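Residue numbers (the working numbering): -5 to 119.
Structure (structure tokens):
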């Protein structure tokens, strides 16, 4: 039996974290969450993640910088990153894609679209 895919959620809005964690659990994913970029880097370094869901605006850093740091921390195995944002201004999203994000989704998001983006990112990995 294959192990469930493991997703790291990095978002300082715990309402979003709870909602996304519940969705992912219902879809068969295992989740871990971080409320800050520093904690997210630490958890990511512990390894084993198949996907990272990253908010653009965090209390201690921005998602673009964190995306770059996560990508540089990856060795042999590239883990896809999906950037999440409630911003209507696209530049942070474009910046994140320049630094290696696989995709982005705007909050609040459509559950079907969100699931499709997750599956697509994991299929490409």
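Glycine is no exception: its CB is placed at the ideal position from the N, C-alpha and C atoms. In this text the structure is predicted, and so the values were computed from the model without any measurement.
Residue range 105 to 118 is occupied by the alpha helix (DSSP H) that includes residue 114.
Counting C-beta pairs closer than 8 Å gives three or more between the stretch 72 to 83 and the stretch 37 to 51, which meets the contact rule. The shortest CA-to-CA distance from residue 97 to any of 103, 106, 104 and 111 is the one to 111. Under the three-state reduction of DSSP output, residue 63 falls in the helix class. In this structure, the alpha-carbon of residue 26 lies about 11 Å from that of residue 40. Rounded to the nearest angstrom, the gap between the Cα atoms of residue 61 and residue 45 is 12 Å.
Looking at the DSSP output, residue 47 shares a beta bridge with 3 and 76.
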